[in-house]
Amino acid sequence: MDETTISREALFANLKRVVLKLGSSVVTAEEGLDRQNIRSLVDDVCRLKQAGKEIVIVSSGAIAAGVKRMELKGGAKTIPQKQAAAAVGQTGLMAAYEEAFWSHGVRVGQLLLSKDDLSHRRRYLNARNTLMTLLSWGVVPIINENDTVMVEEIQFGDNDNLSALVASVAEADLLLILTDMEGLMDCDPRTNPSACLITLVEGITPEIRSLAGSSTSAVGRGGMASKLEAASKAGAAGVPVVIARGKIPSVVDRIIAGEMIGTLILPGKERISARKRWIRYHLEPEGALVVDAGAARAVKLSGKSLLPIGVTAVRGLFQHGAAVTIETEHGQTIAIGLSNYASDEMEKIKGHQTAEIDWVLGFRRNDEAVHADNLVLLDNGENSR
Ligand code: GLU
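Everything in the sequence shown is counted per the working numbering, starting at 16 for the first residue and increasing by one.
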């Protein structure tokens, strides 16, 4: 991690498109929306726009702002309360952005997304086209999760995750995640006051993940672990990420000018194709294939297709073409892939030689249970979603 080998200034010199993720703690304060900080961030964004860059904002803060506006003592506790708070807060949030941008003569557009919108090809393309059209109009898209209708199954989880998907959809050159933490520290700053900021991460290793611990943000949903998860997703699309504190004067300008603020995470060597990113990050697994040790080795170490003979158990009900996880007999998820057979078909052909598929099923759709082209390995220590 030798910062001298990499110049941020050079890396950021030719940025064209930046996704800026603003956490709840960045856009709200004790008394509600932090209009002053919003204005200051918007000033930075408008300067970047003037310099010819395109900016997409992913903003949290709806629930936090709604809680303040409704004066809910003790916060929003139940899901309906959170959703109702988001409904109230989102309008105030957008009004604050609109006012700040309008003072620069810049228009904004609101996109509220749910996970479903990015996991169905047609809706994904639709969202992407809308985003690209707004950018071509010079409008700043402001994206949040559609909190008012989210239920667990269609939830992004947190806006860190959403911002990484947006960076990939928008083909951004940089994802800038602003939060209430300095960045990634070399040990827990709550228990160790001499903790130091790590300014550069080249690839997210298990050691790096362990530094994030289980820290969570005081206001928003995600902590440092979810930010690293987001950085890993963005990295798979080749997008570098900076994680930094969002209440520093001119923070966006200064980071993009190359100042050493926050943690810069470079994409690892492991780029994955758009197709595999789609399988890995957008599709929701509908079941699981449990595989024996030999098949697990072939898939994991040699990147081979999974054959029916290696499958020992099938979980869940799914159609052919569905996303499934591939798990070892010890319960470790090693990959996600598209199943060539439906769950009931897989149940019949599991443990059989490929040549036997015809007589077991009466037809053979493919030789493999999951073809290597449709299979994405998971890193050690990575969440399956
Ligand atoms: N979408 C939520 C909001 O606007 C925030 C989610 C998060 O904290 O990541 O309040």
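Heads up, the beta-carbon is just placed ideally off N, CA and C, and yes, glycines get one too.
{"Check": "Are the region 69-87 and the region 174-194 touching by the rule of at least three beta carbon pairs closer than 8 Å?", "Outcome": "yes"}
{"Check": "State the Cα-Cα distance for the pair S39 and M196, rounded to the nearest angstrom.", "Outcome": "12 Å"}
{"Check": "Have a look at G67 and T148 and give me their C-alpha separation to the nearest angstrom.", "Outcome": "16 Å"}
{"Check": "Could you give the C-beta distance for R330 and A370, rounded to a whole number, given that I count them as a contact under 8 Å?", "Outcome": "The pair is not a contact, with the Cβ atoms about 26 Å apart (cut-off 8 Å)."}
{"Check": "With respect to 7 Å, is the separation between the Cβ of A249 and the closest non-hydrogen atom of the ligand GLU below this value?", "Outcome": "no"}
{"Check": "DSSP three-state call for L56: helix, strand or coil?", "Outcome": "helix"}
{"Check": "Does the region 320-339 come into contact with the region 369-388, if we say contact requires no fewer than three beta-carbon pairs (one atom in each stretch) closer than 8 Å?", "Outcome": "yes"}
{"Check": "Less than 8 Å separating the beta-carbons of C211 and V121?", "Outcome": "no"}
{"Check": "With DSSP run on the structure shown, which of helix, strand or coil describes A368?", "Outcome": "At residue 368 the sequence reads Gln, which differs from the Ala that was named. Of the three classes helix, strand and coil, the one that applies to Q368 here is coil, per DSSP."}
{"Check": "Could you compute how far the alpha carbon of D132 sits from the alpha carbon of N159?", "Outcome": "12 Å"}
{"Check": "Taking R330 as part of the alpha helix (DSSP H), name the residues at either end of that continuous run.", "Outcome": "Where R330 is concerned, there is no enclosing alpha helix (DSSP H), although the beta strand (DSSP E) it sits in stretches over V326 to R330."}
{"Check": "Excluding the five sequence neighbours on either side, which residues of its own chain have a C-beta within less than 8 Å of the C-beta of M200, listed in chain order?", "Outcome": "A210, C211, L212, I213 and L226"}
{"Check": "Can we count E160 as close to the ligand GTP, meaning its CB is less than 7 Å from some heavy atom?", "Outcome": "Although the ligand GTP was asked about, the structure shown includes only the ligand GLU as ligands."}
{"Check": "Please report the straight-line C-alpha distance between S399 and E244, rounded to a whole angstrom.", "Outcome": "In this prediction, S399 scores a pLDDT of 47, lower than 50, which makes its location untrustworthy; no coordinate-derived value is stated."}
{"Check": "Under 6 Å Cβ to Cβ from G90, same chain only, skipping five residues before and after it: list those, please.", "Outcome": "V82"}
{"Check": "Please say whether R295 and V391 have beta carbons closer to each other than 8 Å?", "Outcome": "yes"}
{"Check": "With a threshold of 7 Å, establish whether the CB of I276 neighbours any heavy atom of the ligand GLU.", "Outcome": "no"}
{"Check": "Less than 8 Å separating the beta-carbons of G104 and R84?", "Outcome": "yes"}
{"Check": "Exposed or buried, R290, counting other C-beta atoms within 10 Å across all chains shown (16 or more means buried)?", "Outcome": "exposed"}
{"Check": "If you drop the 5 nearest sequence neighbours on each side, which residues of the same chain put their C-beta closer than 7 Å to that of N355?", "Outcome": "H335, R380, N381, E383, A384, V385 and H386"}
{"Check": "Measure the beta-carbon distance from G107 to P156 and round it to whole angstroms, keeping in mind my assumption that it falls under 8 Å.", "Outcome": "No, G107 and P156 are not in contact; Cβ-Cβ is about 19 Å, not under 8 Å."}
{"Check": "Report buried or exposed for F171, applying the criterion of at least 16 other Cβ atoms within 10 angstroms of its Cβ.", "Outcome": "buried"}
{"Check": "Tell me the DSSP secondary structure of K10 in three-state form.", "Outcome": "This structure cannot speak to residue 10, because the chain is shown only from 16 to 400."}
{"Check": "Which ranges would you report for the beta strand (DSSP E) in the region 62-117 if only whole runs of at least 3 residues count?", "Outcome": "69-74"}
{"Check": "Apart from the five residues just before and just after L48, which ones in its own chain have a Cβ nearer than 8 Å to its Cβ?", "Outcome": "V42, G76, A80, K83, G107, L108 and A111"}
{"Check": "By Cβ distance, which residues of its chain are closer than 6 Å to G250, with the 5 residues on each side in sequence left out?", "Outcome": "P282 and G283"}
{"Check": "Could you have a look at L199 and say whether DSSP puts it in helix, strand or coil?", "Outcome": "coil"}
{"Check": "May I ask you to check if the CB of I78 is nearer than 7 Å to at least one heavy atom of the ligand GLU?", "Outcome": "yes"}
{"Check": "What did DSSP end up calling Q347 once you bin it into helix, strand or coil?", "Outcome": "coil"}
{"Check": "When the Cα atoms are used, what is the spatial distance from A246 to D359?", "Outcome": "37 Å"}
{"Check": "DSSP beta-bridge partners for P204?", "Outcome": "In DSSP, P204 forms no bridge with anything."}
{"Check": "Does DSSP put T148 in a helix, in a strand, or in coil?", "Outcome": "helix"}
{"Check": "Tell me which residues share the same chain as A102 and place their Cβ nearer than 6 Å to its Cβ, disregarding the 5 neighbours each side in the sequence.", "Outcome": "T163"}
{"Check": "Please report the straight-line C-alpha distance between V306 and L279, rounded to a whole angstrom.", "Outcome": "38 Å"}
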